[in-house]
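Some notes on the structure that comes next.
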Ligand code: SAH
Ligand code: SF4
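In our numbering, the protein residues as written are 4 to 364.
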């Protein structure tokens, strides 16, 4: 399979493709419309285009990124979709619904998209890391996670978070391309301000996001308040310490004026002390921000070794106490729920589920 994925190209590149095939410029607008408004993933179905253009496009390009899709629904409404690509690789995407009881507040449907097949960073607590790195996703493969998910679940997503498999800032070109397409108003997929990129602390990526986009949100997977502890569980910390991350988030905040989110998994006895709460408050006060406390989702199904085998979730009492302590220090703090844990769709559990990947070993 060596056809190019058509959604890797932006509007002006699509125009050139159409002109080079000997067709008029307005056909490019029609093609964009078929791809993004009509969400057609097969050129043959694009009836607004003349047959010879449809055939010429199909010879060279692929309109849809995925060969196969498998949907799993959790009892709490979370949906996990496995996307198989044309080269035999696969990634997972998760839709997390937040249904509001308050008529004033709209329901949220967040789509958690993957940016890589596997991940090279191997954070101690993360199932994706245990898979190792397979390859970067192309821009089209990121964009199509939204297009296919909306069709498969029959819901208009309200938010996109780059919190699926992979480290977005280690695939920066394709991630930025996908953000440009998502947030292009004439394409109409997702307003920029509803897109969040999550990183384990890749400093050049944080700076590049701030240089290239003014409305995209940033989440930092902090998980520790000292370099010694952070280096044990987040390998990227050996390259970029807390000082470097602190400077990068100030750079981001001064360029964008968008409040940041810190992600913090609470591990029993490792990062859940009162001193940790104090240090976390100090770090988070450097810029406008909030802290998301995440319960640790077990990844025992990966047969973890070393420090990974020692990690235990903090109790709900500890999580409450830690949250109270942060709030007393005027830090906006949210305790995240564990959506989709029953189908291994919770944060960091994305590893093609226990059955497919780990029993095979
Ligand atoms: N690579 C990026 C984005 C993908 S991970 C990053 O690390 O930020 C998305 C989020 O899930 C991160 O905050 C990550 O730290 C968290 N996570 C990973 N494994 C987890 C686990 N077992 N339990 C809870 N959260 C986890
Ligand atoms: Fe990669 Fe993020 Fe998982 Fe770390 S937490 S291994 S950076 S996907």
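For every residue, glycine included, the Cβ atom is placed at its ideal position computed from N, Cα and C.
No experiment lies behind these values; they were computed from the predicted model shown.
Problem - Collapsed DSSP secondary structure at residue 357 in the structure displayed - result: In this prediction, residue 357 has a pLDDT of 41, which is less than 50 and means its spatial position is unreliable; what the coordinates show is noted afterwards. In the structure shown, residue 357 sits in a helix (DSSP, three-state: H, G or I).
Exercise for the section: Write down the C-beta distance between residue 155 and residue 192 rounded to the nearest angstrom, noting that I regard them as a contact closer than 8 Å. Expected result: Not confirmed; about 16 Å, so no contact.
Practice task
Could you have a look at residue 339 and say whether DSSP puts it in helix, strand or coil?
Solution key: coil
Handout entry: Rounded separation between residue 14 and residue 28 - CA only
Key = 11 Å
Exercise for the section: Pick out whichever of 116, 321, 40 has its Cα sitting closest to the Cα of residue 275. Expected result: 321
Practice task
Using three-state DSSP, classify residue 258 as helix, strand or coil.
Solution key: helix
Problem - Where residue 298 falls: helix, strand or coil (DSSP) - result: strand
Handout entry: Boundaries of the beta strand (DSSP E) in which residue 138 is found, first to last residue
Key = 136–139
Handout entry: Residue(s) in a DSSP beta bridge with residue 121
Key = 136
Practice task
Give me the Cα-Cα distance between residue 153 and residue 159, rounded to the nearest whole angstrom.
Solution key: 6 Å
Problem - Alpha-carbon spacing of residue 302 relative to residue 101, whole angstroms - result: 24 Å
Problem - Own chain, CB closer than 6 Å to residue 314, minus 5 neighbours either side, in chain order - result: 128, 270
Handout entry: With 16 other Cβ atoms within 10 Å as the buried cut-off, status of residue 359
Key = Here the model assigns residue 359 a pLDDT of 43, short of 50, so the residue's position is not dependable and the matter cannot be decided.
Handout entry: Any alpha helix (DSSP H) of 4 or more consecutive residues that is wholly inside the region 226–288
Key = 230–236, 245–259, 277–287
Exercise for the section: Reducing DSSP to helix, strand and coil, say where residue 98 ends up. Expected result: strand
Exercise for the section: Would you tell me roughly how many angstroms separate the C-alpha atoms of residue 227 and residue 278, rounded to the nearest one? Expected result: 11 Å
Handout entry: Cα-Cα separation between residue 260 and residue 251, rounded to whole angstroms
Key = 13 Å
Handout entry: Buried/exposed call for residue 147, threshold 16 Cβ in 10 Å
Key = buried
Problem - Test item, CB below 5 Å from any non-hydrogen atom of ligand 2 - result: 122, 124, 126, 129, 131, 132, 170, 203
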